[in-house]
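*Asks:* The structure under discussion is supplied below as structure tokens; questions concerning it will follow.
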Amino acid sequence: MIAKTEYELLDHTADCGVRVFSRTLEGLFENAALTLVDLIVPSAALSPNQEHRLAISGMDTEDLLVNWLREILYLFSGMEELAASISIEKLDDRSLIAIVRTENFSPQKHEIDQDIKAVTYHQSKINRTSEGWECTVIFDV
Amino acid sequence: MHINQINPYCFEIPKSGDMRVNGLVFTSKEMLPDIASDQSLQQVANVASLPGIVSSAMAMPDIHWGYGFPIGGVAAFDWKDGVISPGGVGYDINCGVRLAATSLEMNDIRPHLDRLADAMFRGIPSGVGKTGFVKLNRKEEKKVLRQGSQWAASQGMGEDSDVEHTENRGRLPEADPSALSDRALDRGLKQLGTLGSGNHFLEIGLVEEVYDDEIAHVFGLQKGQVTVLLHSGSRGLGYQVCDDSLARMTKRVAKLGFSIPDRQLACSWINSPDGEQYYAAMACAANYAWANRQILMHQAKNVLLDALSISPRDLGMRLVYDVCHNIAKKETHILDGKKRTLCVHRKGATRAFAPGHPEVCRTYRNVGQPVLVPGDMGTCSYVLAGTAQAMEETFGSTCHGAGRVMSRSKAKKAAKGRSIQRELADKGIVVRWTGRSTLAEEAPEAYKDVTRVVDIVHGAGISKKVAKLKPIVVVKG
Numbered sequence: 768m769i770a771k772t773e774y775e776l777l778d779h780t781a782d783c784g785v786r787v788f789s790r791t792l793e794g795l796f797e798n799a800a801l802t803l804v805d806l807i808v809p810s811a812a813l814s815p816n817q818e819h820r821l822a823i824s825g826m827d828t829e830d831l832l833v834n835w836l837r838e839i840l841y842l843f844s845g846m847e848e849l850a851a852s853i854s855i856e857k858l859d860d861r862s863l864i865a866i867v868r869t870e871n872f873s874p875q876k877h878e879i880d881q882d883i884k885a886v887t888y889h890q891s892k893i894n895r896t897s898e899g900w901e902c903t904v905i906f907d908v
Numbered sequence: 354m355h356i357n358q359i360n361p362y363c364f365e366i367p368k369s370g371d372m373r374v375n376g377l378v379f380t381s382k383e384m385l386p387d388i389a390s391d392q393s394l395q396q397v398a399n400v401a402s403l404p405g406i407v408s409s410a411m412a413m414p415d416i417h418w419g420y421g422f423p424i425g426g427v428a429a430f431d432w433k434d435g436v437i438s439p440g441g442v443g444y445d446i447n448c449g450v451r452l453a454a455t456s457l458e459m460n461d462i463r464p465h466l467d468r469l470a471d472a473m474f475r476g477i478p479s480g481v482g483k484t485g486f487v488k489l490n491r492k493e494e495k496k497v498l499r500q501g502s503q504w505a506a507s508q509g510m511g512e513d514s515d516v517e518h519t520e521n522r523g524r525l526p527e528a529d530p531s532a533l534s535d536r537a538l539d540r541g542l543k544q545l546g547t548l549g550s551g552n553h554f555l556e557i558g559l560v561e562e563v564y565d566d567e568i569a570h571v572f573g574l575q576k577g578q579v580t581v582l583l584h585s586g587s588r589g590l591g592y593q594v595c596d597d598s599l600a601r602m603t604k605r606v607a608k609l610g611f612s613i614p615d616r617q618l619a620c621s622w623i624n625s626p627d628g629e630q631y632y633a634a635m636a637c638a639a640n641y642a643w644a645n646r647q648i649l650m651h652q653a654k655n656v657l658l659d660a661l662s663i664s665p666r667d668l669g670m671r672l673v674y675d676v677c678h679n680i681a682k683k684e685t686h687i688l689d690g691k692k693r694t695l696c697v698h699r700k701g702a703t704r705a706f707a708p709g710h711p712e713v714c715r716t717y718r719n720v721g722q723p724v725l726v727p728g729d730m731g732t733c734s735y736v737l738a739g740t741a742q743a744m745e746e747t748f749g750s751t752c753h754g755a756g757r758v759m760s761r762s763k764a765k766k767a768a769k770g771r772s773i774q775r776e777l778a779d780k781g782i783v784v785r786w787t788g789r790s791t792l793a794e795e796a797p798e799a800y801k802d803v804t805r806v807v808d809i810v811h812g813a814g815i816s817k818k819v820a821k822l823k824p825i826v827v828v829k830g
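For the protein sequence lines, the chains are R and X, in the order given. Counted from 1, the first sequence has number 836 at position 69 by our numbering; the numbering is strictly sequential. Counted from 1, the second sequence has number 403 at position 50 by our numbering; the numbering is strictly sequential.
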């Protein structure tokens, strides 16, 4: 679950945009993933009961972020699992290894607010800030 | 950005910078400020910079910004020398609209509206993660991907005349299931026969007005007639195809030999392994969507027969047409007197072929291809016909719908404290939906006025108004 202070919604005509914050780059990637899940099932109290080790690569850090979030989304849309907690083992400019603990999606337990259908490159950006890091991502809904 | 007005319905973005051709935006002076307020015009200019683009990069009056290409965008590329881009098709490959007419009138359904709404909501799987009635294994799925609507008809879910009255007869022959990833194939297994979510819907409506008696008669539409309209696409399979293709093309963009102004314009040469793979995969997703809409309409017919306890003959349900509005197609067009083979991308735009065109089915060939333009949830939808002017000016293309003006978060804020359901009920519309936020996000004011959009394409001569439909029962995913 992600605290509501860790991200804000952006205005986008047709889709769903977010700006995510963290003090560290690892934290940013973790928060971005948990934000995605929070958009789908807001404030769900998730109890993970399985885990996956994901190895992701990208051409640069923004591409890496988009590919990472795509995998988190695929856990839901392809495998019906909700990412509940994340430990980033390794992160550099173009690659990432993380343990993602998930709970199986259950319509009786988890109420869906938004159907996030894809992670887009549209306006995807990662910036350093005075407090750490921020990124923007737009999701197709 | 500099824009010249060419006529009351067409504005030009002159060629400048990296643009290889100019941009043309079909809109009105009144609607232009809204369009100029997001980045959609810049997106038109960006598309104009892609290699092999022919004539102009175009946008329809329902334009709003999207990924790379704007929604409402039309762009044609030389088949030999041009590029193909998943962003020019959209994530929801072959998202489209299907319209059926019935022999019923309002008096036949008025006493049963709530019951019909409940029956449709139960009978048509909709919303996130829903699985369909049609169970597929990988072998059967590949047949769906190759045969599209024709597969559904062969399974008893529709007639041959349905296939006749579907764009491309519901099948792109270039489909090759080996072009799909395992993920895409997996996602397609359980979702056939489901409506989807977001702005997908199924609507029972009425023909409220007829503008062209002759064409309406040929299409089989008359005032007061009950209709069924549905809007749906290729579900998770289509999204996965787009995702996989964008990831693949993005990795290889540096090797293309030209730079792209926006990552979302990732593309490949049409005549390249990546280009061919995308087209073959896109064709599979398109066929899946056509099969899906065929099955959904078949289910809707069964729901009506059961809920109204009438015979198929009394229901008299017949497919008017099925169009796609997110697709890239290999088409032949005449340019400067010469036949050219082109890859026409329509993202949030609909084909509108003219009277006499051989690809228009025989029953409609004298009057032109039907164009189905759904409005937003609370207002109306339109049926139009394709025109010769569309063939000359827009590669036989026109608008697709209302287009959003308000973000989902703004729409939700605007809807706070209101009962959208009650507002619709006051207009005589019964609605059923899934998902907490759907109704607020899809509230009428979140969309451009579809009537204004349709009046512009009619005024521009790129399609002709035939009839207006009013919603009565709406099921939203």
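All C-beta atoms in this analysis are idealised placements derived from N, C-alpha and C, irrespective of residue type, glycine included.
Got a sec: which bits of the stretch 541 to 573 of chain X sit with their beta carbon under 7 Å from any beta carbon on chain R, in order along the chain?
*Replies:* Of all residues in the stretch 541 to 573 of chain X, S550 and G551 have a Cβ within less than 7 Å of some Cβ in chain R.
*Asks:* Closer than 8 Å is the cut-off here; do at least three beta carbon pairs connect the stretch 682 to 702 of chain X with the stretch 716 to 733 of chain X?
*Replies:* With a cut-off of 8 Å, the stretch 716 to 733 of chain X and the stretch 682 to 702 of chain X do not count as touching, because too few Cβ pairs lie within range.
*Asks:* I'd like to check one pair, E773 (chain R) with N816 (chain R): are the Cβ atoms closer than 7 Å?
*Replies:* Reading the first sequence from its first residue, position 49 is the one you call residue 816 (chain R). Reading the first sequence from its first residue, position 6 is the one you call residue 773 (chain R). No, they are not a contact pair.
*Asks:* Starting from T603 (chain X), find everything on chain R with Cβ-Cβ shorter than 8 Å and list it in chain order.
*Replies:* To locate residue 603 (chain X), count along the second sequence from 1; it is residue 250. Those are M826, D830 and Y888, listed as they occur along chain R.
*Asks:* Under the rule that 16 or more other beta-carbon atoms within 10 Å means buried, what is G899 (chain R), buried or exposed?
*Replies:* The count along the first sequence starts at 1 and reaches residue 899 (chain R) at position 132. The residue is exposed, with fewer than 16 neighbouring Cβ atoms inside 10 Å.
*Asks:* Expressed to the nearest angstrom, what Euclidean distance is found between the alpha-carbon atoms of N447 (chain X) and C677 (chain X)?
*Replies:* Taking the first residue of the second sequence as position 1, residue 447 (chain X) is located at position 94. Taking the first residue of the second sequence as position 1, residue 677 (chain X) is located at position 324. C-alpha separation (whole angstroms): 5 Å.
*Asks:* With DSSP as the reference, identify every bridge partner of T685 (chain X), one or two as the case may be.
*Replies:* One-based indexing of the second sequence puts residue 685 (chain X) at position 332. DSSP, once it has assigned bridges, lists X:T694 as partnering T685 (chain X).
*Asks:* Within 7 Å (strictly less), CB to CB, does V784 (chain X) reach chain R?
*Replies:* Position 431 of the second sequence holds residue 784 (chain X). Closer than 7 Å: no.
*Asks:* Which one of X:Q742, X:G421, X:E520 and X:L657 has the shortest CA to CA distance from D615 (chain X)?
*Replies:* The sequence position of residue 615 (chain X) within the second sequence is 262, counting from 1. That would be X:G421, whose Cα lies nearest to the Cα of D615 (chain X).
*Asks:* Taking a Cβ distance cut-off of 8 Å, strictly less, list which residues of the stretch 838 to 860 of chain R are near chain X, in chain order.
*Replies:* If the cut-off is 8 Å between Cβ atoms, the stretch 838 to 860 of chain R has Y841, S844, G845 and E847 near chain X.
*Asks:* Might you give, ordered along the chain, the residues of its own chain that have their beta carbon closer than 6 Å to the beta carbon of V713 (chain X), omitting 5 neighbours on each side?
*Replies:* Taking the first residue of the second sequence as position 1, residue 713 (chain X) is located at position 360. Answer for V713 (chain X): F706 and Q722, listed in chain order.
*Asks:* Which residues in chain R have a C-beta closer than 7 Å to the C-beta of V481 (chain X)? List them in chain order.
*Replies:* By one-based count along the second sequence, residue 481 (chain X) stands at place 128. Residues of chain R passing the Cβ test: I879 and D882.
*Asks:* If you run the structure through DSSP and keep just helix, strand and coil, what is K496 (chain X)?
*Replies:* Residue 496 (chain X) sits at position 143 when you count from the first residue of the second sequence. Of the three classes helix, strand and coil, the one that applies to K496 (chain X) here is helix, per DSSP.
*Asks:* What would DSSP say about D778 (chain R), mapped onto helix, strand or coil?
*Replies:* The residue given as residue 778 (chain R) occupies position 11 in the first sequence. In the structure shown, D778 (chain R) sits in coil (DSSP, three-state: anything other than H, G, I, E or B).
*Asks:* Taking all protein chains shown into account, decide if Q875 (chain R) is buried (16 or more other Cβ within 10 angstroms of its Cβ) or exposed.
*Replies:* One-based indexing of the first sequence puts residue 875 (chain R) at position 108. So Q875 (chain R) ends up on the exposed side.
*Asks:* So what's C595 (chain X) in DSSP terms, helix, strand or just coil?
*Replies:* In the second sequence, counting from the first residue as 1, residue 595 (chain X) sits at position 242. In this structure, C595 (chain X) counts as helix in the three-state DSSP scheme.
*Asks:* Between the Cα of K488 (chain X) and the Cα atoms of X:D565, X:G690 and X:L542, which residue gives the shortest distance?
*Replies:* Here the question's residue 488 (chain X) lines up with position 135 in the second sequence. Closest by alpha carbon: X:L542.
*Asks:* Could you tell me the distance, in whole angstroms, from the CA atom of E795 (chain X) to the CA atom of D689 (chain X)?
*Replies:* Taking the first residue of the second sequence as position 1, residue 795 (chain X) is located at position 442. Taking the first residue of the second sequence as position 1, residue 689 (chain X) is located at position 336. Approximately 43 Å, taken between the alpha carbons.
*Asks:* Please look up how many angstroms separate the CB atoms of V481 (chain X) and D882 (chain R), rounded, as I've assumed it's under 8 Å.
*Replies:* Stepping through the second sequence from its first residue, residue 481 (chain X) is reached at position 128. Stepping through the first sequence from its first residue, residue 882 (chain R) is reached at position 115. About 4 Å separates the two Cβ atoms, so the contact holds.
*Asks:* Look up A631 (chain X) in the DSSP assignment and say whether it is helix, strand or coil.
*Replies:* Position 278 of the second sequence, counted from the first residue, corresponds to residue 631 (chain X). First, the residue type needs correcting, since residue 631 (chain X) is Tyr and not Ala in the sequence shown. Three-state DSSP puts Y631 (chain X) in a helix.
*Asks:* T903 (chain R) bridges to which residues according to DSSP?
*Replies:* Mapped onto the first sequence, residue 903 (chain R) falls at position 136. Per DSSP, R:R786 and R:K892.
*Asks:* Quick one, are the C-beta atoms of A820 (chain X) and V563 (chain X) less than 7 Å apart?
*Replies:* As a position in the second sequence, residue 820 (chain X) is number 467, starting the count at 1. As a position in the second sequence, residue 563 (chain X) is number 210, starting the count at 1. Cβ distance < 7 Å, so A820 (chain X) and V563 (chain X) count as in contact.
*Asks:* Find the residues of chain R that neighbour G589 (chain X), judging by a C-beta separation of less than 9 Å, and give them in chain order.
*Replies:* Position 236 of the second sequence holds residue 589 (chain X). Simply S844, G845 and K884.
*Asks:* Within the continuous alpha helix (DSSP H) that includes F379 (chain X), where are the two ends?
*Replies:* On the second sequence, residue 379 (chain X) is found 26 positions in, with the first residue counted as 1. Not the alpha helix (DSSP H): F379 (chain X) falls in the beta strand (DSSP E), residues N375 to F379.
*Asks:* Pair every Cβ in the stretch 793 to 807 of chain R with every Cβ in the stretch 847 to 861 of chain R, then say whether three or more of these pairs are closer than 8 Å.
*Replies:* The stretch 793 to 807 of chain R is in contact with the stretch 847 to 861 of chain R.
*Asks:* Going along chain R in order, which residues have a C-beta closer than 8 Å to the C-beta of R536 (chain X)?
*Replies:* Taking the first residue of the second sequence as position 1, residue 536 (chain X) is located at position 183. The contacting residues are Y841 and G845.
*Asks:* Anything in chain X within Cβ reach of D907 (chain R), meaning under 7 Å, just list it in chain order.
*Replies:* Looking up residue 907 (chain R) in the first sequence gives position 140. Those within 7 Å of D907 (chain R) in chain X are Y444.
*Asks:* Does any residue of chain R bring its CB to less than 7 Å from the CB of Y352 (chain X)?
*Replies:* Any answer about residue 352 (chain X) is impossible in this case: the structure gives chain X only from 354 up to 830.
*Asks:* Between D371 (chain X) and chain R, is any beta-carbon pair separated by less than 7 Å?
*Replies:* Counting from one through the second sequence, the residue named residue 371 (chain X) turns up at place 18. No, no contact with chain R.
*Asks:* In terms of residue numbering, what span does the beta strand (DSSP E) encompassing Q817 (chain R) cover?
*Replies:* One-based indexing of the first sequence puts residue 817 (chain R) at position 50. Run containing Q817 (chain R): Q817 to S824, per the beta strand (DSSP E) assignment.
*Asks:* Cα separation between I853 (chain R) and L545 (chain X)?
*Replies:* Counting from 1 along the first sequence, the entry for residue 853 (chain R) is found at position 86. Counting from 1 along the second sequence, the entry for residue 545 (chain X) is found at position 192. C-alpha separation (whole angstroms): 33 Å.
*Asks:* Measuring CA to CA, which of X:D535, X:S550 and X:Y362 is closest to T787 (chain X)?
*Replies:* Here residue 787 (chain X) corresponds to residue number 434 of the second sequence, with the count starting at 1. Nearest option by C-alpha distance: X:S550.
*Asks:* Consult DSSP for H465 (chain X) and reduce its assignment to one of helix, strand or coil.
*Replies:* Mapped onto the second sequence, residue 465 (chain X) falls at position 112. Residue state, collapsed to three classes: helix.
*Asks:* Is it true that the CB of R785 (chain X) sits closer than 7 Å to the CB of F474 (chain X)?
*Replies:* Looking up residue 474 (chain X) in the second sequence gives position 121. Looking up residue 785 (chain X) in the second sequence gives position 432. Yes. Within cutoff.
*Asks:* Any beta-carbon of chain R closer than 7 Å to the one on D596 (chain X)?
*Replies:* Residue 596 (chain X) sits at position 243 when you count from the first residue of the second sequence. Closer than 7 Å: yes.
*Asks:* Measuring alpha carbon to alpha carbon, tell me which residue in X:D431, X:L457, X:D675 and X:Q392 is nearest I687 (chain X).
*Replies:* Taking the second sequence and counting its residues from 1, the one referred to as residue 687 (chain X) is at position 334. Cα-wise, what sits closest to I687 (chain X) is X:D431.
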